[in-house]
Structure formats: C-alpha cells, structure tokens
Amino acid sequence: MPNLLELKEVHAGYGPRSVLHGVSLSVPEGGIVSLLGANGAGKTTTLRAITAGVRWSGDIIFGGRSLRRLATEEIVRAGIAHVPEGRGICTELTVDENLKLGSHLRRDGAEVRKDYDRVFEYFPVLKERRKLSASTLSGGEQQMLALARALLMKPKLMLLDEPSLGLAPLVVRAIFQIVKSINQASRVAVLLVEQNARIALELSSSAYVLEVGRVAVSGASADLKDNESVRRSYLGY
Amino acid sequence: MQEFFQQVVSGIAIGGIFASLALALVLIYNAMGLVNFAQGEMAMFATFVAYALINRGMSYWIAFPITLVLAFGGGILIQRLVIKPVERAPVLTLVIITLGLATLVNGFAGFIFGYVPRSFPSPFSADSADLFGVFISYRDMGVIAVSGLVLLGVYLLLQRTTVGLTMRAAAHHPEASRLLGVQVSWMLALGWGLASAVGAVSGIMVAPILLLEPNMMQSIIIYAFAAAVLGGIESPLGAVIGGLIVGVTVNLAGAYLPGVGGDLQLAVGLAIIIAVLIARPNGLFGRAAIRRV
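Same order as they appear, the protein sequences are chains Y and R. Under my numbering, the first residue of the first sequence carries the number 686, and numbering increases by one thereafter. Under my numbering, the first residue of the second sequence carries the number -11, and numbering increases by one thereafter.
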C-alpha cells in the first residue's frame, strides 16, 4: 500500500527545548497506526508537528506533497483531521455548532447530510443533545463529539491524541469500536496516540514506540503484542 | 407622567446609540480580550466620511450604507496593518496601541476636516407623533429603528450564518478552530471590520444631536463602556441591554435629578461603571471568570 503520510527525520521542539530527535514513521492509505510510549516521549509533539502546531525540521509528506511551510488551516483543508489533546471542543458553542464547524468547509451537501445520519447512528447521544451547550457534555460524550466532528470533516487521515484519556473502560471500548468502523467504512487512515498500549495494539495494524523523542521499536502490532521484552520494557504491561 | 414617558423614549433612542458602540467594543473584546479605546474615534472618522459624501450631494440613504462598507474595510485594514503585527504582544501593549490609534485618528480627522463643529443632517423629521398622549419625535423613533435593525442584523450574522459561527469559534477557541480549518486571523480581521461598521452607525446616529467634530465621540465612548461593562463585556446581548439601561438612566437623571442637568450626565455614566465594577464585576450577563491557580 502506498504511504499516505510519511515523516522523515523530523526534529521538533518548543523554543530552545528540543523534543523530537529525528522521528521517521509512515501511515499507509486506509491503515491504522499506533504511536505509543511513555509520558514525555514526544507522541503529542509528533502529532502537533504534522498540523504545524510546533516548529519542525526534516520533512513531512502527506499525499505526495510536503507540508513544509504550510499553515495549520491549509494542512487541515488538505484532509487531515486532528483531534488534539483535551479534545478541542468549543465549549462556548452548542453540540450542533461544533458539528457544523466540522463540516463547514464541505460543498457536497447531499454527502454531508448522509454523514450526519451516520454520525448520529454512531453517537445517538449527540442527536439528543444537539441544542445543548457542549460544556454540558460528560468527558466521554465530548470525546464522541470530537470524533463525530472529525468524521464530518471527511478527512483522509485522522490524528487522534489519547482518545481514552480519563474515560471509563467501557466507554473506551465503545469509542475504539467506532474508530474501527469509521476506518473500515470510509477508508480513513488513523494515526493513534495512546498510553493504553494494549487496546491500541488490538486496533492498529502497525505501531511505533517512541522513547525520548526517538523511535525505539516499530513493527506489526501483532508482533509487538507477542514480544515479551518489548511489552515489558516499553509498553508496561 | 407624559413627560416621564417622553424622557424614557428619548433615553431608549440615545441608548440604542450607546448600544451600537458598546456592541462594537464587545465584538473586539471577544475576539482579542482587549478593549479597543479607538472605537469611538473610528466611529467619528466614519461619520466624517458620511458627512463628506452627503456634502457632495449624495442622498443620505445612499451615503449611509456606503459609509458602513467603507468603515468595514477600514476596520479590516487597521487590524491587518496595526494590530496583526503585534497580535501576540501582552495585553497592556495592545491597550497602549489602541490608545495611540485613538489619538492618531482624532488628530488625522482634525487635520483633514478641522475642529469647527458642523451640523449633520438627520433623515427624520423633527416633528413629534402623538402616541396615546405621549409625544414622541420621529427622530427618536428613527434612531431606535435604525439601531434596532443594525443590532438585529449583527445578531443574525453571528448566530445564523456559517461566517458568524466561524467568527465566534475563532474568537473563543483559536487553537481548536485552526484544527477545523478556520482561518482564525482573517476571522479576527472580519471582527474588526464588523465592529468598525457597527460603531459607525452610532457615530452617524449621534452626529445630528451633538454636532460633528473630532471630539464628538469622547463622551459617547464613556457611555458605551458603561453599557458594555454593565452587560458583562463579553455578551453582545448584554451590551445592547446595557446600552438601553444606561441611555434611559442618564436621560432620566438629566431630567429629574436636581443639579445633574446636561453637564453632569457624563458623571452618571462613570458612576454606573464604578457601581457595576464594585457590586457585580461580571455585569448582568457575564460569567464569573474562573481561573485555575
């Protein structure tokens, strides 16, 4: 499969503090890839580099085109939906308005309506709460809203930053199941950052483990899962 | 009693003018967390533009929308040229810059148009209509109608259109909005344009009452601050209701409180600001600012 996203020797950091020391990874078209590692390993920074939220050097290629010097808005318009750390919900707005922000750039009206139906099929609770302020949603519901909104952007690639954070195990299961359905139904590739390595490896086909800003281990998710020493030294379970 | 109702209606009319300028302040406050001290001067300058157009023989109702469009463009231009380069500066820097901008626009207007007060036409007749025994001037009714339409227009734009939605999102959640493809910087520029146009309405409406000169808006901006603070500085609806309350209060105080008259009305506006800040710092519609410490 051709690569949809490719990071080549990416260095990035905040001011003088450098966080990534040459990260290379790739996400195939329609694939799910996990990015694992301990706190502070650079997982979030890697995602932020992709959508120009942090200065970086090296090269990032998306759909055959370098993202160098592109602004966040342009990268998003090129087809990357980034659900950031903390979910990026606009709590001043209603649930409906948040969803509208997801689809506001699209001009394919009929398709958009179909996608709304799909979104409400996945997340019926959002339909019930459409008119309410997004600030009234629980953590799990906000995560659902963030996913729904990302889906409505009709992206080629979704970047998900710790979707399981702060959620009950049952809710996490449900959300990962839906990520899988979205991936299969619309061929959206997913780059998934997770602390919860066990569940991430079940979902993804390949995985990278970051350690202090470098890729320490990478491979097929199934292999990493079965490898005792990798599990013990890097994944902590 | 009649006299009282007449004073109330006049208060609502002047309150509509305060409300427009207060709404302009709120639009920019929401977008940048900053009070634009140049808002009144920008409105004054736009009024001079309308004056120049009408003086060249243009009809009032053509000059009015043209002025609003020019004010809109001017607001965008100011944001791009003056504000955007210092977007990330501390708030105090930005405050000083808007103060400097106010002085600059004021001096520029004086340089071009001079300081002689000029009478500005009103399209509404000075006669009064008898409504159930209360005499209400067509001027007051006209001002109320125009301010009402403008405020309604802004409301519909912000609440019912996609551009309005992206403007609100960009103002409150710039980082999240960028990740949804919103061009945040341009939305802020649109906010400045919109504020400038809404402010211009207040200038054009108040000029027939006050006479047009470069310092015309300096008292009005105080009332607008009072209205915005009373409404809770972040709330567009609050600004409108605050404007009406301030207008009616100031008008009644001028008419009935011994010693206030026309001269001390401004002090009433300032008293409202101080009273609100002491008794209810978040205004009528504002929410308490919650900060993690």
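Note that CB positions come from ideal geometry on N, CA and C, so glycine has one too.
Are the beta-carbon atoms belonging to G226 of chain R and A19 of chain R less than 8 angstroms from one another?
no
Please state if the CB of I735 of chain Y and the CB of I765 of chain Y are separated by a distance shorter than 8 angstroms.
With contacts defined by Cβ atoms closer than 8 angstroms, I765 of chain Y and I735 of chain Y form a contacting pair.
Thinking C-alpha only, which one of Y:A907, Y:E759, Y:R899 is nearest A882 of chain Y?
Among Y:A907, Y:E759, Y:R899, the Cα nearest to that of A882 of chain Y is on Y:A907.
Does L229 of chain R come out as helix, strand or coil in the three-state DSSP assignment?
Going by the sequence as given, residue 229 of chain R is Ile instead of Leu. Reduced to three states, the DSSP call for I229 of chain R is helix.
Which word fits D128 of chain R, buried or exposed, when buried means at least 16 other C-beta atoms lie within 10 angstroms of its C-beta?
buried
Which of helix, strand or coil does DSSP assign to K693 of chain Y?
Residue state, collapsed to three classes: strand.
Report yes or no: is there a C-beta of chain Y within less than 8 angstroms of the C-beta of L168 of chain R?
Interface annotation, L168 of chain R: in contact with chain Y, CB-CB separation under 8 angstroms.
If L11 of chain R sits next to A188 of chain R, beta carbons under 8 angstroms apart, how far is it from one beta carbon to the other, in whole angstroms?
So it is not a contact: roughly 12 angstroms between Cβ atoms.
Element boundaries [alpha helix (DSSP H), containing A97 of chain R]
A97 of chain R: member of the alpha helix (DSSP H) spanning 79 to 101, first to last residue.
Measure the alpha-carbon distance for A114 of chain R versus Y126 of chain R and round it to whole angstroms.
6 angstroms
Compare the Cα-Cα distances from V768 of chain Y to each of Y:V878, Y:S742, Y:E887 and report the closest residue.
Y:V878
Pick out the complete beta strand (DSSP E) segments inside the region 849 to 873 of chain Y, 3 residues or longer, and give them in chain order.
none
Does the beta carbon of A214 of chain R sit closer than 8 angstroms to a beta carbon anywhere in chain Y?
no
Give, in chain order, every unbroken run of the alpha helix (DSSP H) that is at least 4 residues long and sits entirely within the region 244 to 273 of chain R.
253 to 267
List, in chain order, every chain R residue whose beta-carbon is nearer than 8 angstroms to that of K785 of chain Y.
The contacting residues are T150, L153.
Pull the bridge partners of E896 of chain Y from the DSSP assignment, please.
Y:R899
Quick one: which residues of the region 751 to 770 of chain Y get their C-beta closer than 7 angstroms to a C-beta of chain R? List them in chain order.
T757, E758, V761, R762, H767, P769
Apart from the five residues just before and just after L832 of chain Y, which ones in its own chain have a Cβ nearer than 6 angstroms to its Cβ?
none
Shortest alpha-carbon distance to F273 of chain R belongs to which of R:R44, R:P224, R:A7, R:L87?
The residue with the shortest Cα to Cα distance from F273 of chain R is R:P224.
Buried/exposed call for K841 of chain Y, threshold 16 Cβ in 10 Å
buried
Close beta carbons around S889 of chain Y, own chain, < 7 angstroms, minus the five adjacent residues each side:
I717, V718, S719, L877, S906
Residues of chain R with CB under 7 angstroms from T730 of chain Y, in chain order?
Those within 7 angstroms of T730 of chain Y in chain R number zero; the least Cβ separation is about 15 angstroms.
Helix, strand or coil for M843 of chain Y? Go by DSSP, reduced to three states.
strand
Residue-level contact to chain Y via CB, S171 of chain R, 8 angstroms cutoff:
In the sequence as presented, Ser is not what sits at residue 171 of chain R; that position holds Gln. Yes, its Cβ sits closer than 8 angstroms to a Cβ of chain Y.
Does the beta-carbon distance from M175 of chain R to A31 of chain R come in below 8 angstroms?
no
Check for me: the alpha helix (DSSP H) holding L11 of chain R runs from which residue to which?
-10 to 20
Which residues share a DSSP beta bridge with N688 of chain Y?
Y:P713
Check L752 of chain Y in the structure and name its three-state DSSP category.
DSSP places L752 of chain Y outside both helix and strand once states are collapsed to three, so it counts as coil.
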